[in-house]
Amino acid sequence: MAAPLELYCWKGDWGLPSVDTDCLTVLAYAKFAGAPLKVHKITNPWRSPTGTLPALKTTEESTGSLSKPSNIIIHLRKQKYNADYDLSAKEGADTLAFVSLLEEKLLPALIYTQWVDSKNYVDVTRRWYAENIPFPLNFLLPNRIHNQQLERLRLVRGDPTLEPGEQLEKELYHDALECMTLLSQRLGSHKFFFGDSPSSLDAYVFGHLAPLLKVKLPNGKLQQHLNSLDNLRHYCTNILILYFPSEGGEPPIRKVSVHSDGSDFDSEPHKRRKQILSVLFAMGSMLGYAILMGIVSIQHIRPQAALVGPRHIEEEGEEEE
Amino acid sequence: MSLAVEAFVSQIAAAEPWPENATLYQPLREDQILLSDCASSLAVQAYLRMCNLPVHVSCRSNAEYMSPSGKVPFVHVGNQVVSELGPIVQFTKAKGHSLSDGLDDVQRAEMKAYMELVNNMLLTAELYIQWCDDTTATEISRPRYSSPYSWPLNQILAYQKQWEVRRKMNAIGWAGKSLEQVYEDVSQCCQALSQRLGTQPYFFNKQPTELDALVFGHLFTILTTRLTSDELGEKIKSYSNLLAFCRRIEQSYFEDSQAGSSSRGYSKGPSLF
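For the record, the sequence lines run as chains A and B. Going by the working numbering, the first sequence wraps up at 321, each residue one higher than the last. Going by the working numbering, the second sequence wraps up at 1273, each residue one higher than the last.
In structure tokens:
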């Protein structure tokens, strides 16, 4: 192809090429199909051509920019980057079915565990997004996404009064655990879902499971179950090592401490500067208010009066002399 | 159903056999019921007939509000109320009736995946066509949905339901789709089902399972319902093995003398024959 296609996606962390499920799916599919993509890893969704991430900028005027992973994959297929070329008709049908299974059973639980569960959201997700999105969006976006995801869960479950809590968590996790077990049973001991070369279904499964595997969440029930399914765990790590060697390989512990040191270092001078600036601003405004109200001016008169007093006495003294 | 309630219900359910007076509730057949609800209801009825469990169908205008989860159909068995195909399948399993016991793990995974495919694509497409397509919503869905109520309640309820469905479509990313794209998705879904079915009589060879009931419910309803355009039906008719599949299930499970008259009742248009 003449000009390489440009893909905008979320930055990566914790050994992953990207932290977002949809971005991971698209990146994985591009690697599997051998599509040459120019990847822009950004943290500001407003800078992408469509306003959301992932976004594929195409060279054709008619298609413009594409957003949803399924649309991006279809476009790549049209450009002859097809990872499903060798699949039989039945396997193609199975792909559709299993992708639906992922979206109906696993995705709600993933959304819940990352964005709605209070401990996970506050400790990990919101923190990561707030630290990485540039000012001033880092105040707005995480909260907005949190509300959007909660609304989505409510609409999908059909219950407008849904609240995050143990009840909802149990139901969602039950479905998700069953889904992961089914995937594990379907994968068996094969290297990929359909034979020895990866296909679009592998991209979707990787995109959904990899964040679960790598991102360390305080409330990690889904993670525990995934770790107990050996074949799925090996499957994800295998794909990471084979197709994303530059991201993986760093032990997460070291990465976390470097990350926290780095973040401390970075925020320290900014923090101090902000503190000093805010104190100066407060003092300046207090002084200004005092002068305007005349509080300070009265104090000025007294020293002058005191000055005048002794001079007066001095003058008197001089006069006397 | 929550997990604790589910476990409790399973325990109680296992204790009692299936009673004779089990009732299935759905909205009014002639005037009120819409495509998606009719499909779900037919799927449940097909499943219960496949399990040889007698159930009496009762039409109520407020079935949606009576249901514990807000979705129809629901069954009233003994002193329990269970709604939607998934929980009903588990409920009957607790009572010892199951169609999918003979499947191995891989087949069970595939069955669940295909059921989700139908729910994800066919059901969502039905909802989209009913409520997000302006022509269909104005001419068919809103009048039918609000037919039992008088003004102004009928307007309020109809618009409320439409608004709710549109917000759901927005949340799952279907709002940006055009009608042609939705028809294309239905076509893809049917192609997948057709390829999976192949030349076998049922999806998992000789015995029907809940997947067969679900697919039959949706396809039969689409084929026999008159909408503003025939395109949905045409998409399905292009797959001859799916047509044969629907006919086979209709003949095997719905063709006794009682069902003969009521099968025409399910359809709002001509029957398959």
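Where is the CB? At the ideal position from N, CA and C, for every residue including glycine.
Local Cβ density within 10 Å of residue i, reported as buried at 16 or more and exposed below that
i	result
Y1065 (chain B)	exposed
S1150 (chain B)	exposed
Q275 (chain A)	exposed
T1135 (chain B)	exposed
V26 (chain A)	buried
H270 (chain A)	exposed
K105 (chain A)	buried
E1116 (chain B)	buried
G158 (chain A)	exposed
C1189 (chain B)	buried
F322 (chain A)	What the structure shows of chain A is the stretch from 1 to 321, and residue 322 (chain A) is not part of that stretch, so it cannot be assessed.
H1056 (chain B)	exposed
T1199 (chain B)	exposed
V122 (chain A)	exposed
E1180 (chain B)	exposed
W115 (chain A)	buried
W10 (chain A)	buried
F281 (chain A)	exposed
D1105 (chain B)	exposed
F98 (chain A)	buried
G51 (chain A)	exposed
E163 (chain A)	exposed
Boundaries (first-last residue) of the alpha helix (DSSP H) holding residue i
i	result
V156 (chain A)	L137 to R157
K1235 (chain B)	E1231 to K1237
H400 (chain A)	Given that chain A is displayed from residue 1 to residue 321, the structure contains no residue 400 (chain A) and the question cannot be resolved.
I241 (chain A)	D230 to Y243
L1242 (chain B)	S1240 to F1254
G207 (chain A)	S200 to K214
T1138 (chain B)	It is not in any alpha helix (DSSP H) - T1138 (chain B) carries neither H nor E in the DSSP assignment.
W1131 (chain B)	T1124 to W1131
T25 (chain A)	T21 to A33
K1095 (chain B)	Taken as a continuous stretch (DSSP letters only), K1095 (chain B) belongs to no alpha helix (DSSP H), as it is neither H nor E.
D1105 (chain B)	D1105 to L1117
Nearest residue (CA-CA) to residue i, options the options
i	options	result
G165 (chain A)	A:T113, A:S200, A:S197 and A:T181	A:T113
Y1025 (chain B)	B:Q1045, B:A1113 and B:T1221	B:Q1045
N1205 (chain B)	B:S1100, B:H1056, B:R1049 and B:L1085	B:S1100
I1222 (chain B)	B:P1027, B:L1028, B:A1043 and B:D1031	B:A1043
P1019 (chain B)	B:L1035, B:W1163 and B:L1053	B:L1053
E1184 (chain B)	B:S1040, B:L1242, B:A1039 and B:E1231	B:E1231
Y1047 (chain B)	B:R1167, B:S1061, B:E1084 and B:C1059	B:E1084
P36 (chain A)	A:K80, A:L155, A:D22 and A:V19	A:K80
A176 (chain A)	A:S246, A:K221 and A:E163	A:K221
N1021 (chain B)	B:N1079, B:I1033 and B:M1050	B:N1079
P69 (chain A)	A:E60, A:P211, A:Y204 and A:Q167	A:Y204
L24 (chain A)	A:K214, A:M293, A:R186 and A:G188	A:K214
F1245 (chain B)	B:V1106, B:Q1207 and B:S1229	B:Q1207
L1123 (chain B)	B:H1218, B:E1180 and B:M1050	B:H1218
A83 (chain A)	A:G34, A:L187, A:C236 and A:Q148	A:G34
L7 (chain A)	A:A210, A:V116 and A:A28	A:A28
S89 (chain A)	B:W1174, B:A1015 and B:L1197	Here the sequence assigns Ala to residue 89 (chain A), which means Ser is not the residue at that position. Ranking B:W1174, B:A1015 and B:L1197 by Cα distance to A89 (chain A) puts B:L1197 first.
P198 (chain A)	A:E171, A:L240 and A:Q224	A:L240
A1283 (chain B)	B:S1036, B:C1051, B:F1091 and B:A1175	Within the shown structure, residues of chain B are numbered from 1001 to 1273, placing residue 1283 (chain B) beyond reach of any answer.
D117 (chain A)	A:P160, A:L229, A:R273 and A:Q167	A:Q167
L1034 (chain B)	B:F1254, B:I1249, B:T1224 and B:E1210	B:T1224
G195 (chain A)	A:I111, A:D86 and A:L172	A:D86
Element boundaries [beta strand (DSSP E), containing residue i]
i	result
C9 (chain A)	L5 to W10
Within chain C, the residues that residue i reaches when beta carbons sit closer than 9 Å
i	result
E103 (chain A)	Chain labels in this structure do not include chain C; the protein chains are A and B.
What are the start and end residues of each continuous alpha helix (DSSP H) run of 4 or more residues lying completely inside the stretch 1146–1217 of chain B, in chain order? 1153–1172 and 1179–1197
Going along the stretch 171–193 of chain A in order, which residues come within less than 7 Å of chain B, judged by CB to CB distance? E171, H174, L182, Q185 and R186
At which residue ranges does the stretch 35–101 of chain A contain complete beta strand (DSSP E) runs of 3 or more residues, listed in the order of the chain? 37–42 and 55–57
What runs of the alpha helix (DSSP H), each 4 residues or longer, lie entirely inside the stretch 1021–1086 of chain B? 1035–1050 and 1063–1066
3 or more residues per run - each beta strand (DSSP E) lying fully within the stretch 111–138 of chain A: none
Give me the subset of the stretch 137–152 of chain A whose CB atoms are less than 9 Å from a CB atom of chain B, sorted by chain position. Q148, E151 and R152
Chain-ordered residues of the stretch 81–94 of chain A with a beta carbon less than 8 Å from chain B: A89, K90, G92, A93 and D94
Got a sec: which bits of the stretch 1094–1107 of chain B sit with their beta carbon under 7 Å from any beta carbon on chain A, in order along the chain? D1105 and V1106
Which residues of the stretch 1144–1169 of chain B have a Cβ closer than 7 Å to any Cβ of chain A? Give them in chain order. R1167 and K1168
Near-chain A residues of the stretch 1036–1054 of chain B (beta-carbon distance less than 7 Å), N- to C-terminal order: none
Could you please tell me which residues of the stretch 216–239 of chain A, in chain order, have their CB closer than 8 Å to any CB of chain B? none
Residues of the stretch 40–69 of chain A whose Cβ lies closer than 7 Å to any Cβ of chain B, in chain order: K68
To be precise: take each residue of the stretch 1185–1218 of chain B, compare its Cβ to all Cβ atoms of chain A, and keep it if any distance is under 9 Å. Which residues remain? Q1188, C1189, Q1191, A1192, L1193, S1194, Q1195, R1196 and G1198
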